[in-house]
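Protein chains in written order, with our numbering: chain A, 1137 to 1548; chain B, 1203 to 1438.
Where a beta carbon is used, it is the ideal one built from N, C-alpha and C, also for glycine.
Presented below is the structure to which this report refers.
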């Protein structure tokens, strides 16, 4: 009989104990999948929402725009850039935008805020969170001269309603102050109070004209990609394009460091939680394997007496840990699969507890507690649970191999 | 008698420290065991019989003196090398059978052959022959908990002799079985000794073993008091 066969039989000597230990490994898989899966889903949701709010997953912008976003900094020949970028794999959309600060005034009040000029022909609910969040009215048309869509809180502060006029004042490309009249075509409600109270959308063509931009100029190009994890790769690809050579490219975490910081901190907390869960599982396996080694000390002494080497005994106990870990992982997959299926397709609605407009890191969080797992997360979970189990088995295995047979034979 | 002994002990001492007291378990023992011996180390409990077996089996190291087994100086070997010696040159039979409970009689008997990586066909032949020799034909697939004490000890003897070791060290092999079974086991080992030339060294204070042994080595307080061979007619 080979050692792995013997090890396999050994783990079923104490069926109940094996089942309890395997269950703790399985429970660890369940917790780890829940933590990681909801993390993967939430972070992706936050990053995608942040990207759709203005800067994209990757931003192409004039050099220095990130630190000093003034309207005299412009991208030239955006049509050529857009063509090249849209031809890259993994790009779902690339849209030109002009962003700037302005003073918005109604008959009653003046409030400072931010405008984003967008092209309604290429921006829609899929790539623009404000359009997705339209709560009243509709988006202006591409050739609209005076259309504006405002955040509902800003509208409330300025006492604006659909069809009402407002005046916005800003500086143009040459630094001159300009004022334009606009009429409210729609209102959006993202759920993020600071956004809803300070942002507006303007038609790109009219804004280009008002600011002294040509139709081939913009503040930035927001690039949206299918898989946010590849933002850095995409940034590098875009940076190597001929048309972007004189500009700066930033991935979402460079363009939105606050959001990146919040996610990084949350991920760290998530890893700590998982580490603690892992420790509990490892302690369970360590306990089981130690008990199993201690109660077979005499038997191990006999096996070494008849010729089993210390290395082979170490291997035997490690193989037992391997089988135990494999059993636990299999059980874990069996109990986790339906739970993950439920979280992936249905989720748990937390809106009654958090409300519909719970924000974190400046972006709206989906009140549905859902999960998704990236392939590397699956490998990470299975790999780390398995490694922990093996690591926990290493000490008992080492202890078994180190004990002289004469000592082991003396134990009853 | 062979001039080159299977086992040679030269001025062997073994001292244990128990708390602050030195216990001299073995005191200056010199001894040769020849190939084909059917010898018994006899003496009261605590006389040093098992300590001597442990030293000969490479399970323990002497505090002084030398132990050779089949020409190999055990003191010069590492733990792994000692394992090799035990695996290839020594067979062990313990008082409490010490079979592996999750293995069948066949698998227990084949355990050391597996460690030796003996080819499957040869292993099967040797195990079946040995189990037949110890009277366990037909019980190959039984697990230890499905066998009597005597049957389990037969499996242990099969495990010890199946590798054709230079010597079988048997520590009180009849202590846990009734007298009829003890007689039967001893007859079987005596036959194996005669027919296959396997060398046996027992530690015992069982009269049946002493009656059957052809050489009696009396041990007392860690010293050999007497070492006497019996004529064939004196062996019962």
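Using a Cβ-Cβ cut-off of 7 Å (strictly less than) and excluding sequence neighbours within five positions of residue i, which residues of its own chain qualify?
i	result
residue 1279 of chain A	1341
residue 1335 of chain B	1394
residue 1228 of chain A	1360, 1361, 1362
residue 1207 of chain B	1234, 1235, 1236
residue 1449 of chain A	1436, 1439, 1440, 1536, 1537
Which residues in the same chain as residue i place their Cβ atom closer than 8 Å to its Cβ, once the five residues preceding and following it in sequence are excluded?
i	result
residue 1313 of chain B	1302, 1305, 1361
residue 1345 of chain B	1303, 1304, 1305, 1306, 1307
residue 1387 of chain B	1352, 1355, 1356, 1359, 1375, 1376, 1379
residue 1152 of chain A	none
residue 1403 of chain B	1209, 1235, 1239, 1241, 1242, 1243, 1255, 1258, 1369, 1370, 1371, 1372
With DSSP as the reference, label residue i as helix, strand or coil.
i	result
residue 1364 of chain A	helix
residue 1229 of chain B	strand
residue 1304 of chain A	strand
residue 1201 of chain A	coil
residue 1221 of chain B	coil
residue 1275 of chain B	strand
residue 1407 of chain B	coil
residue 1474 of chain A	helix
residue 1321 of chain B	coil
residue 1400 of chain B	coil
residue 1485 of chain A	strand
residue 1266 of chain A	helix
residue 1268 of chain B	strand
residue 1224 of chain A	coil
residue 1210 of chain A	coil
residue 1503 of chain A	coil
residue 1345 of chain B	coil
residue 1182 of chain A	helix
residue 1390 of chain A	helix
residue 1305 of chain B	coil
residue 1204 of chain B	Its pLDDT being 47, under 50, residue 1204 of chain B is placed unreliably in this model, and the value from its coordinates should be taken loosely. Reduced to three states, the DSSP call for residue 1204 of chain B is coil.
residue 1296 of chain B	coil
residue 1316 of chain A	strand
residue 1241 of chain A	strand
residue 1367 of chain B	coil
residue 1193 of chain A	coil
residue 1283 of chain B	helix
residue 1251 of chain A	strand
residue 1311 of chain A	coil
residue 1376 of chain A	coil
Can you name, in chain order, every residue of its own chain whose Cβ lies under 6 Å from the Cβ of residue i, other than the five neighbours on each side?
i	result
residue 1203 of chain B	At residue 1203 of chain B, the pLDDT of 44 sits below 50, so the modelled position is not reliable; the number obtained from the coordinates is stated separately. Only 1236 meet the Cβ criterion.
residue 1189 of chain A	1265
residue 1452 of chain A	1139, 1143
residue 1266 of chain B	1215
Please compile the residues from chain A whose C-beta is within a distance smaller than 8 Å of the C-beta of residue i.
i	result
residue 1323 of chain B	Near residue 1323 of chain B there are no residues of chain A at all, since even the closest Cβ is about 16 Å away, more than 8 Å.
residue 1259 of chain B	1441
Give the residues of chain B in contact with residue i, contact being defined as C-beta atoms less than 8 Å apart.
i	result
residue 1142 of chain A	1302, 1304, 1305
residue 1425 of chain A	Ordered by position in chain B, no residue passes the 8 Å Cβ test against residue 1425 of chain A, which lies about 17 Å from the chain.
residue 1446 of chain A	1281, 1282, 1285
Just to confirm, is the Cβ distance from residue i to residue j under 8 Å?
i	j	result
residue 1363 of chain B	residue 1332 of chain B	yes
residue 1243 of chain B	residue 1294 of chain B	no
residue 1295 of chain A	residue 1244 of chain A	yes
residue 1282 of chain B	residue 1447 of chain A	yes
residue 1425 of chain B	residue 1300 of chain B	no
residue 1383 of chain A	residue 1197 of chain A	yes
residue 1240 of chain A	residue 1328 of chain A	no
residue 1535 of chain A	residue 1455 of chain A	no
residue 1464 of chain A	residue 1525 of chain A	yes
residue 1289 of chain B	residue 1261 of chain B	no
residue 1194 of chain A	residue 1354 of chain A	no
residue 1364 of chain A	residue 1184 of chain A	yes
residue 1236 of chain A	residue 1180 of chain A	no
What in chain B is Cβ-close to residue i, meaning under 7 Å?
i	result
residue 1415 of chain A	Those within 7 Å of residue 1415 of chain A in chain B number zero; the least Cβ separation is about 31 Å.
residue 1463 of chain A	Neighbours of residue 1463 of chain A on chain B: none; closest Cβ ~16 Å, over 7 Å.
Report the neighbours of residue i on chain A: residues whose CB is nearer than 9 Å to its CB, in chain order.
i	result
residue 1344 of chain B	Result: empty, since nearest Cβ-Cβ is about 15 Å, beyond 9 Å.
residue 1389 of chain B	The premise fails here: residue 1389 of chain B is roughly 24 Å from chain A at the closest Cβ pair, so nothing lies under 9 Å.
residue 1361 of chain B	1442
For residue i, go through chain B and note every residue whose CB falls closer than 9 Å to its CB, in chain order.
i	result
residue 1138 of chain A	1316
Using a Cβ cut-off of 7 Å, pull out every chain A residue sitting near residue i, in sequence order please.
i	result
residue 1288 of chain B	1441, 1442, 1443
residue 1256 of chain B	1542
residue 1262 of chain B	1542
residue 1328 of chain B	In chain order: nothing, as chain A lies at least about 15 Å away.
residue 1404 of chain B	Result: empty, since nearest Cβ-Cβ is about 16 Å, beyond 7 Å.
Residue i: beta carbon under 7 Å from a heavy atom of the ligand NAP?
i	result
residue 1362 of chain B	Of the ligands one can find in the structure shown there are none, so the ligand NAP has no counterpart to examine.
Sequence ranges, alpha helix (DSSP H) only - wholly within the region 1402 to 1435 of chain A, length at least 4: Counting only runs of 4 or more, we get nothing.
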